[in-house]
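Enquirer: Would you mind keeping the following structure in view while I ask a few things?
Numbering (this note's numbering), first residue to last: 2 to 105.
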């Protein structure tokens with residue numbers, strides 16, 4: 002959650018991987034038509050920093066598993082799927098195969 006103030010916390014997906022220790026990458030669909038998200042971007046541009054309240058959700062790579070990895074994502078759900086995929090690529094072993102399929 003991006004903390005705008007004490008009573009205003011806005012959900013956004015984290016896209017960074019555990020290897021990214023210096024910063025947290027958020028994917029925010031900000032546009033002039035989405036004032037909710039634009040307010041977050043305005044805060045970032047003005048203050049150069051934001052407060053986040055994490056973690057929330059149950060999406061992460063179960064690294065000890067050897068079962069095939071299936072990721073299906075669209076829209077804002079792409080953020081966490083991207084993080085899981087990049088982590089899987091960074092930590093891939095011969096016991097776990099990665100098959101990638103995409104379409105426009």
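Positions of the beta carbon are idealized from the N, C-alpha and C atoms, including for glycine.
Since the structure is predicted, the reported quantities are computational estimates derived from the model, not experimental observations.
May I ask you to verify whether the segment 35-55 touches the segment 2-20, counting CB pairs closer than 8 Å and requiring at least 3?
Expert: yes
Enquirer: If you compare alpha carbons, which of 11, 17 and 28 is closest to residue 85?
Expert: 17
Enquirer: Are residue 80 and residue 14 closer than 9 Å when you measure CB to CB?
Expert: yes
Enquirer: Just verifying my parser: in three-state terms, what is the DSSP assignment at residue 2?
Expert: coil
Enquirer: Between which two residues does the alpha helix (DSSP H) harbouring residue 63 extend?
Expert: Where residue 63 is concerned, there is no enclosing alpha helix (DSSP H), given that its DSSP letter is neither H nor E.
Enquirer: Given a threshold of 16 other Cβ atoms within 10 Å of its Cβ, counted over all protein chains shown, does residue 25 qualify as buried or as exposed?
Expert: It counts as exposed.
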